[in-house]
Every structure is written in C-alpha cells, then in structure tokens.
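Protein chains in written order, with the numbering used here: chain A, 1 to 205; chain B, 1001 to 1572.
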Amino acid sequence: MHGMYMTRIMSALFFCLIAGYSQSEEAADEFAAVREIIGSCQVCHGEEGASTQQQYPILAGQEFYYLYVQLKDFKSGLRADPIMGPLASALEKEQMQLVAQYFSEQSWPQYEYATDDNQTNVGLTVIAAGQCVACHLGAFHGNSRVPRLAGQHLEYLTKTMLDFKSKSRNNSPAKGSLMASFGDEQLIAVAQYLSALGDDSESVR
Amino acid sequence: MMGITKSKKLLFTLIIGSSTALYSAGSIHAQEVEGGTLYGDMLTVTQDMLDHAAGDANNFLHTNGNYNQTRYYPAHQINVHNVGDLERAWTFETEVVESMETTPIVVNGVMYVTTSFNHVYALNAESGKQIWHFKHKMGPITTYCCGPNNRGVFAYGDKVYMGTLDAKLVALNAKTGELEWESQIADPELGYSETMAPTAVDGKILIGTNGGEYGIRGFVKAYDADTGDLLWTFNTTPENSAGVWATEDATGRDMLRDIKAEKAALKELGDPYRTLGGGVWQNMAIDRDSGTVYFVVGNPSPDLYGAIRPGDNLYTNSLVAVDLATGNYKCHFQYIAHDVWDLDAVSPPILTTVMNNRGKEVKGVLHGGKTGYVYVHRADNCDLIRFSEPMVSQENRWVLPTADGERMLPGANGGVEWSPMAINPKLHMTYAINLHQPMTYHVEATPYPGGKLWLGGAFKVIADEQQWGNITAVDYNTGQVKWKVKTQQPMIGGILATAGGLVFTGEGNGWFRAYNAKSGELLWQHKASAGVNAPPASYNVGGTQYIVVGAGGNVQLNYKRGNEVLAFKLGN
C-alpha cells in the first residue's frame, strides 16, 4: 500500500517534471500554437515547406504577406482550390499569420531545373513585354504581397500562369488580361526560365 | 633663485596645462566634427537657408534644388570650357543592390543618400566615407508601384526626414542617424506607400502618396516637423469628382469619351472618389511670396478601366495649387479628364517667370507630361498659357484600350516619366528626359479588389519594336523644341542644369553625360557599372565643386542594378 502510494507520488512528480520541461520548451517555440497545422502542411509541401513534389509549391522562404493573403483568399473562396479551400477554412487569422511567418522564415531550397537558350530567349522576351520585373523585381524574389518566383517548381509555375489565363484562378486581378495576351507556349517558356533561376540575389535588402 | 625656478616651473606648468587644455578642447571639437562637418557644428538647416537655396553654391538642400524646383545649380566652377576634365572623385557602395532614385542632399559637407528599401546613409561629401547608416525596420506589408525605390531625404532643422515603403514618415537625428519619431501616414494594406522625398517648410513636412494602381484616395499631408503630428490633409479626389465633362485633353485632342454612358453610370454607381486614386508622386513646388503649394496629381484607379469611375475624375491628372498654411484648394488645371491610359502627371512642377501670350512676364508653372509635352501655366490661377511642341512621337493618340490591346504612343511610361526637369532661367529653356516605348493598352472590367493591384487591364511593351529616349530642350516662352539628343534607351531618372552652362543626365546603359545647355553638344561622359537612373546634384566642399549621382539602375525599365554613389570633380 505504502509502496504503491509512493510509486504514485513518484509517477506524479515524474510526469510533472516532464510536463514542466515540455512547457518551457513550448514557451520558447513561437509557433507552438500552429505546430500541428504546420505538420499537416508539410505532408504535401515538404519538410519546412521545401516541397519536393512539383505540383505543390515551395513555401520555404516565400514572402510572408503573400502566403497570408493566399490563405485568406483560399478561405473566402476568392482563390478556388478543392484541397486548400477546406484546409484554409479551418484556420483563424492569427493562425494564418503564424503559419505564413513560419514558412517565410525557412530557406528556399535549391533544385536543379534546366532550360535551354531558346526557351530562355522566349521567356525573356515575354518578361520584357509583360513588364514582370516591375512587380516581381529583378531577381524575381518578389516583395510583400508579390511572391518570389525564382526557383519555384516548373509544374506549379506553369499551372499558375495558365490558370490565370483561363481565369480558373481569380485572386490577382492584375494577372488576367496580361496572361491572356500571351500564347501558352510563351508562358511555358517563362515558367522554364523562372524555375531555373538560381538564388544569386541581385537585390539585397 | 628658488623663486624664479618656482615661477618658471609654475609658468611651465601653466603653459603645459594650457596647451593640454587647448589640446583637449581641440580633441573634443575634433570628435564632434568627425560626426559633423569641417565647418563646425553647422548641421542645422534653417528656414532661411532653404529659402535662399537657389543662390547657395555650397549646399544642395532640396530634392529639386530649391522651393521653385528649378534644378538649376548656381555654381560655375565646372563649366562648358573645363567639364571635359571631370573625373571620378570618390565612389561609395551601399549595402543595397537595387534601383537608386535618390537625389543626394548635401548640408555643409555632409551628404545624405537613400536606397531602395529605405536605408539612409550620411557620408562625408569630400571623401565619400560613411558617417552613419540607418536601416528602416520595414513592416510586412509594402504595396508600391514600380520598384522598392526611395527618392531621398529632406534635411530640416537638426533632422532628416524620409517616407517609407510601408507608408511611414520617419524623422532621424541628422548627426547620428537615430530614429527620433515615426508617423503612420496611411494603411499600406490598402495600397498606400511612399517612394517620394518629403518637402519641409515653415515647421511642416509635406508629403504625398503612391497608390494610383491600388484604388486609394490620394492626398497631400502636412506634418509637424518636431512632433510628427498631422496638421492638414488635402484629398486629391474631392467628393464631387465629376467635373465639367471635358471631351478634349489639354493639347486639344478628343478623348473619345461616351459622356452619355458615363452620366448614366454616375447616377447608378455614385461618385467614385473613395477609390479614385490620384496619388501625388513627387515633391511640391512652393511659392514663398504667396504661400502657395503646387503639385501634380497622378492617374485615376483603375488605370485602364474607366467605366467603373464615371466623370472627369478630379483632380487626377492635374496641376493643383493649395494654401500652405491650411491645405485649402486654390486652383487646378486638368491635363486629361477621365484618363484611361495612365498618362498621368508625375514629373514635379517648376516655378519660374514665363512670358504669357501677350508678351508680358508673369509667374509661371512648368510641367513635363507623360503625354510628351511641356505645359506652361499662369501661377496665379493655374490657367494654361501654352503647351510645347511634342517631345516624343504621338501615334494613334487617342485610341481607347481594348481587350486585345491597342497600340499607342506615347506608351504608358510616357513621354516624361517621374523624372524631374531642370531649367536654365537665363536661356528660358527647360530640359526633359523622354521615353519612346511603344506599348499596347489592354482593358478588362475589374471590380475593386480591396488593396490589390488594380489596373483594370494590362500594359504591354511591344517586344519587336525599337525603343529609345531623348533629352529635349524646350523654350518655355515659345514652346519650341530648341534641341534634342537621341539616346540608346528610354530615359528615366532626372537632369541637373548648372550656371556653368551645362546639363547632366544619366542613362540605363551606365553612361553619365554632360551637355552644352545651349546647343545640346555632348561635352563629357563617364561609364558607370550600373544604370544611372537618378537625379544628379551638385555641391561645394573646401573650394571644390562636385557633381554627384546615384547609379543603381531601375526596376521599371529593368536597367542593370547597382549600389554606387558617384562623385565627380575637375581633375588636375
């Protein structure tokens, strides 16, 4: 009886210690409140958002405000997506901000995409015509609400531009008529050029 | 003997003591001077200095030279006879490799420059060595057009002031670069942001706003220079913005408006003033005698889609004058009513004496329009006296934008972009830098998107057509083009005129050049390692005149980026 009682106390103490240790660990983790959510994001978007699957965009190192706006737009339906819609609907504003902040602080992964000179030339011509640099900046790293494109997955970039063109993606009004004014092959060339862009920052903040 | 030795000792001690004291005092002075200037602690910019800037051949106190914004520098040590000997004096590299649009400000040998993303540097203007470096703590929301630029600080009293991309006005200690205060000008989430330099006068800091691409309600605001408190706001889109239903622009061409449809739309939609745009992109000119502030107002939102904003869209695309003390409206002149081409008024206005149409000299206002004309106004009532010969090709102007795009020249960057002009008042000439950049204008019906980019269509550069630029000299008393120099690429940045009979301007390919102001003859050039797309300045330290310019390239025209401030003086 006495032994069991002691064991119980010891167990209680033991678990208190563990709980205490975990709590102080959690207190140091500013993303504690959204760790579980981040975990579920990573299922598709990869460890720390460095997606290795072409259809799921890289989130690691993406602009904070862009990520936050996309989550808001998914939730409101302004950006229609059968997977992201329901996922974002479950999030509150503060959670969205934390998730966006987390991924924006990770490092953008370096994947090897190749492109040939011909595609590069076509891509650069389209970029000059569309004045893309005016918003996405010279190295295509974006800023704030304007996303980084440099080194993004080829399949995702291609789909995005074609979705803007066909109006299946509607949450960036500046994109619609601009994309529609180019042929599909031209947009694909741009996607190839952008996905192959390295991390050599021409722009330092 | 003892006495003499003692007194000698005493004397010796006194002398050493005094010398030490003097030396110490000298050291302290030297320490302060290291953070200050060679001319003592004269870092305070007084209102009197600012009022006399036009005749100040030592400093460069205003973004555009003086309150009249003439960009005419009164020094002539560097002149048409010796500018060929101009050589690099020093180069300063900033931390930010991105477009530079800063006008360097120089106060008693201390130079202030800004970079993209709102860094400020204080430099020794003689050596180019850094004195201090301030980095603005940028918020996460920055909504701007055309690059994360900054056009410079304004130095006033013992502070320097800067507008930021996240729509703040910051005041820094001019000596140390420490932040004294910051004021939130407007909500960046709605599209407000600052790239312009502010203007200080009579204890006030005046600043406009970006945002014509985002459906803001534009303004000019006046803040207390000491506290950062808001003193007055002039909204550039009045609650009744419909105007007079003008059918022709200032140059007399039909703008192809469907007035009937617009009037019907106005009844249905109500006045669009709340999201009508009308940013004020650049510094105001100030007439000190009458206490009048002159500025030009940018495009209506959304740029291309006019059906959603019926009416003249006052005061977009206009010259506006307000009272300095109160911000109350005085007069306006609209260049393009109900603009659907983004050919807005951005190049800062210049005050100078002009000839009216009866040959009489009057106070006038000049503006270089995106349309590619120099407009000359009466300062007293904003009326247009004349417009110049066109500086750039006019093709298909006006044609309404369509879904598939219509070609028109000038393209949507102008004409004359934001680049300030300069004048030579002795020659009564004004100098503008121009773009020839063929574009197609596309329109698409778009509802207000809550702070996102709202163009109502798209502007496309025609990829297989040639582009170039000009430097054009216009006689503002007659409107004639006096000379024109063609440049390899469209021009953006700015120009400086000097009493040495010169004009200085840079190009996206890195060439920084000096021309004879009278004839346009090329007299000197220097190749920088990035695009020279910022307005030049000039100053004097220790009896030597310098020319200084930023070379960081440009986002809008995608010119090679860099991070250098270049200063030049005459070689031996």
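All C-beta atoms, glycine included, are put in the ideal place defined by N, C-alpha and C.
Query                                                                                                                                              : Result
Could you give the distance in angstroms between the alpha-carbon of GLN1184 of chain B and the alpha-carbon of GLU1194 of chain B?                : 11 Å
LEU1266 of chain B CB to nearest chain A CB: under 7 Å?                                                                                            : no
Threshold first: 4 residues or longer. Then list the alpha helix (DSSP H) segments lying entirely within the stretch 1365–1447 of chain B, N to C. : none
Under 8 Å by Cβ, that's how I've got PHE1219 of chain B and LEU1165 of chain B pegged, so tell me the actual separation to the nearest angstrom.   : About 17 Å separates the two Cβ atoms, so there is no contact after all.
Identify whether PRO1300 of chain B lies in helix, strand or coil by the three-state DSSP scheme.                                                  : strand
Determine the burial state of GLN53 of chain A: buried for a count of at least 16 other Cβ atoms within 10 Å of its Cβ, exposed for fewer.         : exposed
Would you mind sorting ALA1567 of chain B into buried or exposed? The rule is 16 or more other CB atoms within 10 Å of its CB.                     : buried
Could you check whether THR1070 of chain B and ILE1308 of chain B sit closer than 7 Å to each other, using their CB atoms as the reference points? : no
Around the Cβ of SER203 of chain A, are there at least 16 other Cβ atoms within 10 angstroms (buried) or fewer (exposed)?                          : Here the model assigns SER203 of chain A a pLDDT of 38, short of 50, so the residue's position is not dependable, and the following value carries that caveat. It counts as buried.
At the 7 Å Cβ level, is LEU178 of chain A part of the contact set with chain B, yes or no?                                                         : yes
Helix, strand or coil for PHE103 of chain A per DSSP?                                                                                              : helix
Which word fits ILE1259 of chain B, buried or exposed, when buried means at least 16 other C-beta atoms lie within 10 angstroms of its C-beta?     : exposed
GLU1126 of chain B versus chain A: which residues are under 7 Å apart at the beta carbon?                                                          : Within chain A, no residue comes near GLU1126 of chain B; the closest Cβ sits about 27 Å away, beyond 7 Å.
Are ALA1337 of chain B and ALA1246 of chain B close, meaning C-beta to C-beta below 7 Å?                                                           : yes
What residues of chain B sit near ALA191 of chain A, judged by a beta carbon separation below 9 Å?                                                 : What ALA191 of chain A touches in chain B: nothing, since even the nearest Cβ is about 18 Å away.
Would TYR65 of chain A pass as an interface residue toward chain B - the criterion being a Cβ-Cβ separation below 7 Å?                             : yes
At the level of alpha carbons, what is the spacing between ASP1229 of chain B and LEU187 of chain A?                                               : 49 Å
Where VAL43 of chain A and PRO147 of chain A are concerned, what is the direct C-alpha to C-alpha distance, given to the nearest angstrom?         : 22 Å
For ALA1514 of chain B, report the span of its beta strand (DSSP E) as first-last.                                                                 : 1511–1516
Terminal residues of the continuous beta strand (DSSP E) containing GLU1182 of chain B?                                                            : 1179–1184
Identify whether TYR1223 of chain B lies in helix, strand or coil by the three-state DSSP scheme.                                                  : strand
What is the residue span of the beta strand (DSSP E) that ASP1287 of chain B lies within?                                                          : 1285–1287
At a Cβ threshold of 7 Å, is GLY61 of chain A touching chain B?                                                                                    : no
Rounding to the nearest angstrom, what Cα-Cα distance links ALA191 of chain A and VAL1340 of chain B in this structure?                            : 31 Å
Identify the contact partners of LYS1452 of chain B in chain A, using a Cβ-Cβ distance below 9 Å as the criterion.                                 : VAL69, ARG145, ASN171, SER172, PRO173, ALA174
Below 7 Å on C-beta distance, what does VAL133 of chain A contact in chain B?                                                                      : VAL1555, ASN1558
Given a cut-off of 7 Å, decide if GLY1469 of chain B and MET1439 of chain B are closer than it, judged by their beta-carbon atoms.                 : no
Going straight from the alpha carbon of ALA1270 of chain B to that of MET1049 of chain B, what length do you get?                                  : It should be noted that the sequence gives Gly, not Ala, for residue 1270 of chain B. Going by the C-alpha atoms only, they are around 48 Å apart.
Does DSSP put GLY1278 of chain B in a helix, a strand or coil?                                                                                     : coil
Could you give the DSSP three-state label for LEU1123 of chain B: helix, strand or coil?                                                           : strand
Buried or exposed: where does GLY1451 of chain B fall if 16 or more other Cβ atoms within 10 Å of its Cβ makes it buried?                          : buried
Work out the CA separation of GLU1361 of chain B and VAL1354 of chain B for me, nearest whole Å.                                                   : 5 Å
Is it buried or exposed for PRO1522 of chain B, if we count other Cβ within 10 angstroms and need 16 for buried?                                   : A small correction: the amino acid at residue 1522 of chain B is Leu; Pro does not occupy that position in the sequence shown. Answer is exposed; the Cβ neighbour count stays below 16.
So if DSSP puts PHE1234 of chain B in a beta bridge, which residue, or which two residues, is it bridged to?                                       : B:VAL1220
Quick one: list the residues of chain A neighbouring ALA1167 of chain B, beta-carbon separation under 7 Å, in chain order.                         : Ordered by position in chain A, no residue passes the 7 Å Cβ test against ALA1167 of chain B, which lies about 12 Å from the chain.
Have a look at B:ALA1514, B:ASN1124, B:TRP1454 and flag the residue whose alpha-carbon is nearest the alpha-carbon of HIS1133 of chain B.          : B:ASN1124
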